[in-house]
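Numbering (the numbering used here), first residue to last: 130 to 440.
Take a look at the structure set out below.
Below, the structure is given as structure tokens:
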């Protein structure tokens with residue numbers, strides 16, 4: 130009996146304390162909780178929220194900005210509240226949540242006066258995640274299982290602001306992340322977008338260089354199709370012509386030399402295969418191809434020796 134009385138009293142206090150915040154409104158014929166209600170106008174509510182924001186009381190400010198949006202979603206001040214929600218999350222160092230808030234501003238309030246600033250903030254958040262050390266467990270990158278946050282952020286920037294100066298930069302960085310994840314086909318597609326859609330951008334030559342690197346990787350997986358190799362070779366040659374003094378030109382030369390060496394090896398091994406099969410004429414054709422197409426490789430010298438021995 131005592132236990133029953135205890136639970137009855139507990140229920141009474143809980144229920145009474147919760148109902149104490151609710152007030153019946155004859156005008157709307159609904160219960161209202163003053164703690165959840167906004168002030169009478171969006172301007173007043175915005176001022177109230179900004180006071181908490183300026184004092185760096187970000188969690189309380191978040192609640193007040195949300196009240197404004199819930200009560201006055203179509204007001205000018207609602208777009209300001211959405212902007213400051215992102216700023217609050219930045220203040221709390223919850224950068225991905227900040228990005229989501231900014232992206233919501235872009236999609237919900239595209240005419241906001243904050244759009245340009247939000248674009249810049251989104252880009253900086255993308256760079257923040259890009260510069261974080263890669264998370265791994267037992268030597269395996271966690272991004273093998275979960276998408277890298279910078280991928281989403283930079284992709285959204287390029288999608289939402291395709292004509293801004295941040296679009297080619299964002300796409301380029303998407304490509305770099307995909308290369309690090311060894312997602313070569315996706316990286317190829319992204320770098321190609323930069324090259325095709327932003328030829329006047331400062332990111333054009335860098336994208337051309339990275340596209341050639343990706344084509345190099347893809348060429349290694351193709352035994353009979355030289356398409357990727359040819360594109361990689363041409364891409365590096367074009368890059369070197371346009372940027373002979375660039376810091377990465379030496380790297381481009383080194384990679385180009387390696388690519389030619391790999392291709393020469395492929396033709397040389399085909400020639401060896403035909404030689405083992407006693408198909409001398411076919412072997413001679415491929416040894417000559419090595420010499421003609423890749424004259425400055427080690428395999429060209431080896432091919433010359435084999436031709437001498439086959440005479």
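Don't be surprised by glycine CBs; every beta carbon is placed ideally from N, CA and C.
It should be emphasised that the depicted structure is a prediction, and the values quoted were computed from it without experimental measurement.
Count the other CB atoms within 10 Å of the CB of residue 373; is the residue buried (16 or more) or exposed (fewer)? Here residue 373 is taken as the residue at index 244 of the chain shown, counted from 1. Counting Cβ neighbours within 10 Å, residue 373 comes out exposed, since fewer than 16 surround it.
May I have the straight-line CA-CA distance separating residue 370 from residue 301, to the nearest angstrom? The residue labelled residue 370 in the question sits at position 241 within the chain shown. The residue labelled residue 301 in the question sits at position 172 within the chain shown. Rounded to the nearest angstrom, the two C-alpha atoms are 21 Å apart.
On the three-pair Cβ rule with 8 Å, is the segment 229-240 touching the segment 195-215? Touching, per the Cβ criterion.
CA-to-CA distance, residue 182 to residue 378, given in whole angstroms: For the purposes of this step, residue 378 is taken as residue 249 along the chain shown, with counting starting at 1. For the purposes of this step, residue 182 is taken as residue 53 along the chain shown, with counting starting at 1. Their backbone Cα atoms lie some 49 Å apart in a straight line.
What is the residue span of the alpha helix (DSSP H) that residue 345 lies within? Here residue 345 refers to the residue found at position 216 of the chain shown. Counted as a single uninterrupted DSSP element, the alpha helix (DSSP H) harbouring residue 345 occupies residues 333-349.
May I have the straight-line CA-CA distance separating residue 253 from residue 193, to the nearest angstrom? As a first step, residue 253 must be located in the chain shown, where it is residue number 124. As a first step, residue 193 must be located in the chain shown, where it is residue number 64. CA-CA distance, residue 253 to residue 193, rounds to 26 Å.
In whole angstroms, what is the alpha-carbon distance linking residue 419 and residue 413? Here residue 419 refers to the residue found at position 290 when the chain shown is read from its first residue. Here residue 413 refers to the residue found at position 284 when the chain shown is read from its first residue. Residue 419 and residue 413 have their C-alpha atoms some 10 Å from each other.
Nearest CA to the CA of residue 396: which residue from 409, 428, 311, 406? As a working mapping, residue 396 is identified with position 267 in the chain shown. The residue with the shortest Cα to Cα distance from residue 396 is 428.
Less than 8 Å between the CB atoms is what I'm expecting for residue 196 and residue 172, so what's the real figure, rounded? One-based indexing of the chain shown puts residue 196 at position 67. One-based indexing of the chain shown puts residue 172 at position 43. The C-beta separation of residue 196 from residue 172 comes to about 13 Å, leaving the pair out of contact by the 8 Å criterion.
Where does residue 425 land, buried or exposed, given buried means 16+ other C-beta within 10 angstroms? Working through the chain shown from its first residue, we reach residue 425 at position 296. By the Cβ-count criterion, residue 425 is exposed, with fewer than 16 other Cβ atoms from all chains shown falling within 10 Å of its own Cβ.
Run through DSSP, which three-state label would residue 278 get? Here residue 278 refers to the residue found at position 149 when the chain shown is read from its first residue. Note: residue 278 maps to helix in three-state DSSP.
Beta carbon of residue 125, beta carbon of residue 297: below 8 Å? Residue 125 lies beyond the range of the chain shown here (130 to 440); nothing can be said about it.
What's the C-alpha gap between residue 313 and residue 202? Here residue 313 refers to the residue found at position 184 of the chain shown. Here residue 202 refers to the residue found at position 73 of the chain shown. Taking the straight line joining both Cα atoms gives about 44 Å.
Taking 8 Å as the threshold (C-beta atoms), are residue 381 and residue 126 in contact? With the chain running from 130 to 440 in the structure shown, residue 126 is simply not present.
Mapping DSSP to helix, strand and coil, what is residue 318? As a first step, residue 318 must be located in the chain shown, where it is residue number 189. The answer is helix: DSSP assigns residue 318 an H, G or I state.
Mark residue 288 as exposed unless 16 or more other C-beta atoms lie within 10 angstroms of its C-beta, in which case mark it buried. The residue given as residue 288 occupies position 159 in the chain shown. Counting Cβ neighbours within 10 Å, residue 288 comes out exposed, since fewer than 16 surround it.
Rounded to the nearest angstrom, what separates residue 383 and residue 368 at their Cα positions? Numbered from 1 along the chain shown, position 254 holds the residue referred to as residue 383. Numbered from 1 along the chain shown, position 239 holds the residue referred to as residue 368. In a straight line, the C-alpha of residue 383 is about 13 Å away from that of residue 368.
So which of 279, 247, 242 has the shortest CA-CA distance to residue 255? One-based indexing of the chain shown puts residue 255 at position 126. The residue with the shortest Cα to Cα distance from residue 255 is 279.
In the DSSP assignment, find the alpha helix (DSSP H) that holds residue 232 and state where it starts and stops. Against the chain shown, residue 232 aligns to sequence position 103. Segment 224-237, the alpha helix (DSSP H) holding residue 232.
Residue 283 to residue 293 span [Cα, whole Å]: By 1-based counting over the chain shown, the position of residue 283 is 154. By 1-based counting over the chain shown, the position of residue 293 is 164. A straight-line Cα-Cα distance of about 13 Å links residue 283 and residue 293.
Which whole-angstrom value is the C-beta distance of residue 348 and residue 361, which I expect to be below 8 Å? Here residue 348 refers to the residue found at position 219 when the chain shown is read from its first residue. Here residue 361 refers to the residue found at position 232 when the chain shown is read from its first residue. About 6 Å; that satisfies the 8 Å criterion.
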